[in-house]
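Undergrad:
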Amino acid sequence: MKAIQAILATCVYLVLLVCVYYLHVQYFKINVVFYAAIADGIIAAALSGVLLLLVCSFSKLTRFEILLLITIWLLGGYSYAISVPTVIDRSLSFYILEKLKQRGGGIRQDAFEYVFTQEYVKEHHLVDVRLTEQLASGTIVIENGCVKLTPKGEDLVKFSRYFRQNWLPKERLLMGKYTDALTDPFRHSEQRVDYTCK
1 MKAIQAILAT CVYLVLLVCV YYLHVQYFKI NVVFYAAIAD GIIAAALSGV LLLLVCSFSK
61 LTRFEILLLI TIWLLGGYSY AISVPTVIDR SLSFYILEKL KQRGGGIRQD AFEYVFTQEY
121 VKEHHLVDVR LTEQLASGTI VIENGCVKLT PKGEDLVKFS RYFRQNWLPK ERLLMGKYTD
181 ALTDPFRHSE QRVDYTCK
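Numbering (the numbering used here), first residue to last: 1 to 198.
1) With T179 as the anchor, note down where its beta strand (DSSP E) starts and where it stops.
2) Roughly how far, in whole angstroms, is the beta-carbon of I38 from the beta-carbon of G77, given that I think they are within contact range, below 8 angstroms?
3) Look at Y13 and S59 and say whether their C-beta atoms are less than 8 angstroms apart.
4) Using only the alpha-carbon positions, how far apart do R130 and T10 sit?
5) Roughly how many angstroms separate the alpha carbons of Q5 and V55, rounded to a whole number?
6) Residues in its own chain within less than 8 angstroms of I140 by CB, not counting five upstream and five downstream?
7) Check whether the Cβ atoms of L52 and L61 sit closer than 8 angstroms, and answer yes or no.
8) What residue from R63, L68, P85 has the CA that sits closest to D40's CA?
9) What are the boundary residues of the alpha helix (DSSP H) that includes E143?
10) Cβ atoms of L97 and G106: under 8 angstroms apart, would you say?
11) Please report how far the alpha carbon of C197 lies from the alpha carbon of N144, in whole angstroms.
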């Protein structure tokens, strides 16, 4: 009986999650898709928790079991936020598939560098979106046209560089060859550039 109640309550949570997310993206201003989707998961979990406490038919569940369900819902909301709206919003993989569809089902392989640099960046407003996300996250500031790391950004870079160099695959398949190129993508980066600022 308790398992059925937990499943029904989770179904209510899922319906609320979809409704809250839909209303949020349709009628409210969104700064960062990922953060908005996480907030929607929290709101849906809170509403579902209140409903559980108010509806008498769910009285067989103890407060501890309700707390566990809310925890599961929060984790589910986080997974949803990452796996659906955020992936679709920023995924280059989805972009490739959508671009293939837009161009009639096929694009020459040697044209993809052009597609990425000339079309993807413009069509998805990639620079504006990523700078907006970093500003909202507090990892950068923009002063006098110069984008600079904040202390929080510095800490995040230290972690990401450490993780990239030590915990990403050393033998990763890229176009038929195994390589460690993505453990240090700056390995062959140009040293002399004219776009830095102090």
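The beta carbon of each residue, even a glycine, is placed where N, CA and C say it ideally should be.
TA: Quick answer:
1) Here the question's residue 179 lines up with position 179 in the sequence shown. Residues 177 to 179.
2) Taking the sequence shown and counting its residues from 1, the one referred to as residue 38 is at position 38. Taking the sequence shown and counting its residues from 1, the one referred to as residue 77 is at position 77. Indeed, because the Cβ distance is near 7 angstroms, the residues count as touching under 8 angstroms.
3) Here the question's residue 13 lines up with position 13 in the sequence shown. Here the question's residue 59 lines up with position 59 in the sequence shown. No, they are not a contact pair.
4) Residue 130 sits at position 130 when you count from the first residue of the sequence shown. Residue 10 sits at position 10 when you count from the first residue of the sequence shown. Roughly 34 angstroms separates the two Cα atoms.
5) Position 5 of the sequence shown, counted from the first residue, corresponds to residue 5. Position 55 of the sequence shown, counted from the first residue, corresponds to residue 55. Taking the straight line joining both Cα atoms gives about 11 angstroms.
6) Your numbering for residue 140 matches position 140 in the sequence shown. Answer for I140: L131, Q134, V147, K148, L149, T150, G153, listed in chain order.
7) As a working note, residue 52 is residue 52 in the sequence shown. As a working note, residue 61 is residue 61 in the sequence shown. Contact flag set, yes.
8) The residue labelled residue 40 in the question sits at position 40 within the sequence shown. Taking only the C-alpha atoms, the option nearest D40 is P85.
9) Taking the first residue of the sequence shown as 1, we reach residue 143 at position 143. Taken as a continuous stretch (DSSP letters only), E143 belongs to no alpha helix (DSSP H), being part of the beta strand (DSSP E) at 140 to 143.
10) To locate residue 106, count along the sequence shown from 1; it is residue 106. To locate residue 97, count along the sequence shown from 1; it is residue 97. Cβ atoms of G106 and L97: not closer than 8 angstroms.
11) In the sequence shown, counting from the first residue as 1, residue 197 sits at position 197. In the sequence shown, counting from the first residue as 1, residue 144 sits at position 144. Near 10 angstroms, if we compare the C-alpha coordinates of N144 and C197.
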